[in-house]
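Here the structure comes first, spelled out in structure tokens, and everything after it is commentary.
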Amino acid sequence: MSRSLGIPVKLLHEAAGHVVIVELKSGELYRGSMIECEDNWNCQLENITFTAKDEEVS
Numbered sequence: 003m004s005r006s007l008g009i010p011v012k013l014l015h016e017a018a019g020h021v022v023i024v025e026l027k028s029g030e031l032y033r034g035s036m037i038e039c040e041d042n043w044n045c046q047l048e049n050i051t052f053t054a055k056d057e058e059v060s
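Residue numbers (this note's numbering): 3 to 60.
Written out as structure tokens, the structure is:
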């Protein structure tokens, strides 16, 4: 049985090399350049800006 990727996963892979914003369930935001991603949605970013739930940027 072959396993095909869904459209959301394909779009995630297309984002590699672009600046993205990742929002966690906790409300925290990570903005940076996506180096690579995996089919299980693990993503590696560089040049990160972190924004906490209280909007404090670091």
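All residues carry an ideal CB built from backbone N, CA and C; glycine is no exception. Bear in mind the structure is a predicted one, so any value in this text is a computation, not a measurement.
- In the displayed model, E16 falls within a helix according to three-state DSSP.
- E57: not part of any beta strand (DSSP E); DSSP gives it neither H nor E.
- Nearest to V21 by alpha-carbon distance, out of K55, S28, Y32, K27, is Y32.
- CA-to-CA, the gap between N42 and K55 works out to about 25 Å.
- A straight-line Cα-Cα distance of about 6 Å links Q46 and C39.
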